[in-house]
Every structure is written in C-alpha cells, then in structure tokens.
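Residue numbers (my numbering): 185 to 319.
Cβ coordinates follow ideal geometry from the N, Cα and C atoms, glycine included.
Keep in mind it's a predicted model, so treat the numbers as computed, not measured.
In structure tokens form, the structure reads like this:
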C-alpha cells in the first residue's frame with residue numbers, strides 16, 4: 185500500500201507542476217462584491233487581468249491584484265527555467281466562496297434587535313499555461 189500511495193503522490197505532483205495557484209482566505213469583503221470583479225478577469229491573460237484590476241475603482245480589485253501577482257510568483261517558483269512572457273499565463277479558474285460571518289446585533293425600535301452579518305470570503309485563483317513555445 186505504501187508503494188502505490190507514493191506513486192500516486194508523485195503522479196499528482198508532476199501534474200501540479202504546470203499549475204500554479206494562490207488562495208486568499210477570510211477576506212473581509214462580501215462574496216457578492218468580490219464576484220463582480222472576479223467575473224471580469226476570469227479567462228483573461230495575466231497581463232490583461234492586471235491592467236483591468238489596476239484601473240478598476242472597486243476595493244476588491246486591489247485585493248485580487250495582489251492575489252494574481254502572488255499566483256504568478258508561485259508559478260515562477262515552480263518553473264525556475266521558464267519565462268513568464270513566453271508561458272502565456274492566463275487565469276484558468278477563479279473561485280469565490282463564502283467565508284466566516286461575524287454576527288453582530290443592532291438595536292431596533294421597541295426593544296428589539298436586528299442581526300447584522302458581516303460577511304467574508306475565500307478566493308482561489310488557478311493559473312494555466314497556453315504552451316505556444318516549441319512547434
């Protein structure tokens with residue numbers, strides 16, 4: 185059983201060699217606001233996505249900008265001999281999931297209270313390569 189498990193682990197490691205990802209956990213922005221920006225850059229090339237995020241006025245764009253740069257840095261760490269310009273990196277997958285909620289109470293008239301839910305999110309970004317190097 186140990187040999188099979190090791191072989192499977194090595195195979196998965198080789199498959200993940202070309203895939204770089206970055207995660208942003210417990211970002212204090214609602215998932216709905218983050219998805220608006222994430223939908224804009226999904227499937228774009230990294231250079232185009234960074235330009236879009238740079239000129240966007242939304243706060244979520246600043247956080248996603250750092251996340252894209254982190255994913256590119258992770259790709260460079262996995263592929264030391266590769267060049268970012270030649271690899272043709274694009275945003276293969278970007279997923280925005282709901283995170284933990286901080287629950288607060290706001291006083292309401294006649295002795296009641298309303299619940300305030302301060303939402304957060306988790307963002308997972310996966311980069312892909314369009315290999316157009318050797319013919």
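Could you compute how far the alpha carbon of residue i sits from the alpha carbon of residue j?
i	j	result
residue 204	residue 280	17 Å
residue 309	residue 295	45 Å
residue 243	residue 213	9 Å
residue 200	residue 217	30 Å
residue 232	residue 272	11 Å
residue 261	residue 210	25 Å
If we call anything under 8 Å between Cβ atoms a contact, is residue i one with residue j?
i	j	result
residue 215	residue 299	no
residue 251	residue 208	yes
residue 258	residue 206	yes
residue 255	residue 311	yes
residue 275	residue 225	yes
Leaving out five residues on either side along the sequence, give the residues of the same chain with a beta carbon under 7 Å from the beta carbon of residue i.
i	result
residue 198	none
residue 134	Residue 134 lies beyond the residue range present for the chain, which begins at 185 and ends at 319; the question has no answer from this structure.
residue 288	300, 302
residue 191	none
residue 290	297, 298, 300
Between the options, which lies nearest to residue i when the distance is taken from Cα to Cα?
i	options	result
residue 314	230, 219, 186	230
residue 305	261, 291, 262, 285	285
residue 227	307, 277, 292, 293	277
residue 307	292, 247, 269, 232	247
Using a Cβ-Cβ distance under 8 Å, would residue i count as near chain C?
i	result
residue 195	This model lacks chain C altogether; it includes just one protein chain.
Can you list, in chain order, the residues of its chain with a C-beta nearer than 8 Å to that of residue i? Leave out the 5 residues immediately preceding and following it.
i	result
residue 188	none
residue 194	none
residue 186	none
Near residue i, what residues of its chain come up, given a Cβ to Cβ distance below 6 Å and the 5 sequence neighbours on each side ignored?
i	result
residue 222	278, 280
residue 292	298
**Item:** Contact between the segment 281–291 and the segment 233–242 (3+ Cβ pairs under 8 Å)
**Value:** no
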